[in-house]
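In my numbering, the protein residues as written are 7 to 497.
Structure, rendered in structure tokens:
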């Protein structure tokens with residue numbers, strides 16, 4: 007190209023996309039049919055990427071072009087790229103080898119964490135989708151609005167997020183997907199409008215839908231493949247059983263897991279106490295990165311080797327309407343000096359008259375010890391985030407994944423802010439917040455909260471000595487950086 011001259015930009019417009027199915031859109035460009043899982047907007051496009059063969063034909067996704075290269079439309083049967091391309095993403099530095107990224111994805115409908123390990127191994131923790139009518143049945147609770155909008159499911163937006171931030175130059179996939187426990191805001195909820203999977207074996211919601219959009223190599227949950235603890239979950243989830251709507255959602259998840267098992271796809275239970283059951287593809291390259299399974303099913307690591315103990319006594323629950331939360335999986339992620347804690351919905355503040363074992367946080371925190379970043383248990387509600395876990399973990403950064411106006415609880419916020427429990431500064435980042443919640447709790451929130459909405463990304467530098475926190479806009483699919491904090495020094 008001659009100096010001083012720029013190559014003319016080739017432009018091509020798509021006709022407006024129209025829905026042709028639950029997760030399909032159709033548009034035409036110069037007479038060529040394109041099908042996509044996302045609406046194809048009427049804007050310049052110069053690259054389309056084939057994503058798969060669902061929607062009754064080829065599946066395409068529109069992307070943006072660099073350097074003015076003309077649009078390339080792939081014909082049926084033509085090999086297509088299935089990996090992410092290198093790019094700077096809206097101010098968030100793209101993942102590169104040696105970095106640990108922990109994405110807390112905001113959908114307004116439940117938990118979802120996407121992790122990219124130092125060697126590029128990927129993991130998802132939870133893919134929640136709540137029933138939008140749940141809050142209507144329990145006033146004065148108010149559910150958050152779906153973000154970026156309610157036109158698509160939470161799984162759709164989680165998959166879209168993963169595609170945007172997946173490691174470049176490799177297939178977009180999940181090496182591991184962990185469901186911490188069997189509640190809809192972590193695994194997906196069945197409602198009458200949820201479509202059937204093309205397999206005919208289960209309906210599409212939460213993790214079951216996400217696995218249709220992003221390949222999952224290994225599915226992990228707290229009790230696979232037997233699903234018999236603390237009671238027989240298959241019997242509890244049977245039609246007409248006592249679990250109500252969550253029983254339908256649990257039954258759907260079990261159908262999804264069974265389908266995978268029958269077709270040779272890995273489904274495993276998390277082993278309490280195990281070190282690196284979830285492991286890097288290249289562990290020798292990053293010998294200072296480890297994942298410890300702290301607890302699952304009320305069985306907690308003792309802190310010695312892989313030994314465990316039954317903290318919740320066997321036989322403590324015998325009825326189908328038991329509370330899933332205390333049986334959540336708990337893990338820590340260690341990279342050099344950096345440590346991250348994820349505890350699902352384990353509780354820590356039993357109600358009066360409850361069994362003492364409903365405080366799972368205290369024995370868990372005793373073996374976990376200090377961490378740098380803590381994902382708040384139970385969405386930061388008042389029955390969790392107790393004094394002992396805060397004192398023992400002493401997190402510099404806390405992340406809250408919430409979707410309801412009772413999250414966080416006032417008592418939990420007061421504990422989080424208390425320097426009597428542990429000294430020093432602490433920063434809290436929430437993926438959302440109801441205005442009435444802030445008004446009820448008061449100005450103490452502003453003393454520790456650094457953001458009240460948006461995707462929260464923890465970016466750990468190679469070796470783990472320091473990390474940064476980015477807050478991304480969750481109001482659209484561009485996900486620009488709106489705030490940056492750090493660098494923080496790891497402990």
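The beta-carbon is built from N, C-alpha and C at its ideal position, and this holds for glycine as well. Bear in mind that the values here come from a model prediction, so they are computed numbers and not experimental data.
Alpha carbon to alpha carbon, what distance is there between residue 176 and residue 54?
With a pLDDT of only 33 at residue 54, under 50, the local geometry of the prediction cannot be trusted, and the value read off the model is given with reservation. Each residue's alpha carbon lies about 17 angstroms from the other.
Terminal residues of the beta strand (DSSP E) in which residue 433 lies:
433-436
Going by other Cβ atoms of all chains shown within 10 Å of its Cβ, with 16 needed for buried, is residue 365 buried or exposed?
buried
Tell me where the beta strand (DSSP E) around residue 130 begins and ends.
128-131
Same chain, Cβ closer than 6 angstroms to residue 339, five either side skipped, listed in chain order:
297 and 346
Are three or more beta carbon pairs between the stretch 323-337 and the stretch 473-486 nearer than 8 angstroms?
no
Please return the same chain residues whose Cβ sits closer than 6 angstroms to the Cβ of residue 284, not counting the five positions on each side in sequence.
182 and 297
Determine the contact status of residue 135 and residue 159, defining contact as a CB-CB distance below 8 angstroms.
yes
Which residue from 402, 306 and 441 puts its Cα closest to that of residue 374?
306
Close Cβ partners of residue 408 (< 8 angstroms) along its chain, the five nearest in sequence each way excluded
150, 385, 386, 414, 436, 437, 438 and 439
Assigned exposure category for residue 465 - 16 Cβ within 10 Å defines buried:
buried
Could you check if residue 7 is buried or exposed, using at least 16 other CB atoms within 10 Å of its CB as the buried criterion?
Low confidence applies here, because residue 7 scores a pLDDT of 39, under 50, leaving its location unreliable and the question unanswered by this model.
Selection from 146, 451 and 316 that minimises the alpha carbon distance to residue 370
316
Where in the stretch 313-346 do unbroken runs of the beta strand (DSSP E), each at least 3 residues long, occur, reported from the N-terminal end onward?
314-316 and 336-341
What is the DSSP secondary structure of residue 501, reduced to helix, strand or coil?
Given that the chain is displayed from residue 7 to residue 497, the structure contains no residue 501 and the question cannot be resolved.
Inspect the CB distances between the stretch 259-271 and the stretch 158-172 and report whether three or more fall short of 8 angstroms.
no
Any idea what DSSP makes of residue 477, helix, strand or coil?
strand
In whole angstroms, give me the CA-to-CA distance for residue 361 and residue 322.
9 angstroms
Could you compute how far the alpha carbon of residue 450 sits from the alpha carbon of residue 180?
39 angstroms
What separation, rounded to the nearest whole angstrom, lies between the Cα atoms of residue 302 and residue 355?
19 angstroms
Bridge partner(s) assigned by DSSP for residue 302:
305
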